[in-house]
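Working notes, structure below.
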Amino acid sequence: MGIVSELLLLPLAPVRGTVWVADRLLEEAERQMRDPRAVQARLAALNRALDDGAIDEETFEKEEERLLGLLGSPTRPLVAPAAGYVPVAPRRVRGAAGRAPGRRR
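See the structure below:
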């Protein structure tokens, strides 16, 4: 049945190819957008624009927050967190004797 389904789906091959190319372009664009050197260059340009008076303080703060968020998060979440979601700090791992690793008595 594999060959029959391939023959039936053959007219959709250009669409599947286009979707694949679009996905690769999106991945590359996101990778370049999150590149730390590019983000730092945009932050420098933002500071120059503020110094030159091209943007106001409020615009600067909003854009700076967005850019710093790009530096702090290596990947974009696919969905927004659920309402009421509170991130939990990781638990400390205890050594075999119940002590924190690296600590001596």
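All the letters of the sequence shown, read from the start, carry residue numbers 398 to 502 under our numbering. Every residue gets a Cβ at the ideal spot worked out from N, C-alpha and C, and that includes glycine. Every value quoted in this text rests on a predicted model; they were computed, and no experiment measured them.
Indicate the three-state DSSP secondary structure (helix, strand or coil) for residue i in the structure shown.
i	result
residue 438	helix
residue 452	coil
residue 474	Below a pLDDT of 50, predicted positions are generally treated as unreliable, and residue 474, at 49, falls in that range; the measurement from the model is reported next regardless. Of the three classes helix, strand and coil, the one that applies to residue 474 here is coil, per DSSP.
residue 413	helix
residue 431	coil
Our contact map puts residue i next to residue j with C-beta atoms below 8 Å; I'd like the distance itself, whole angstroms only.
i	j	result
residue 464	residue 440	5 Å
Per the contact definition of three or more C-beta pairs closer than 8 Å, is the stretch 417-437 in contact with the stretch 453-461?
no
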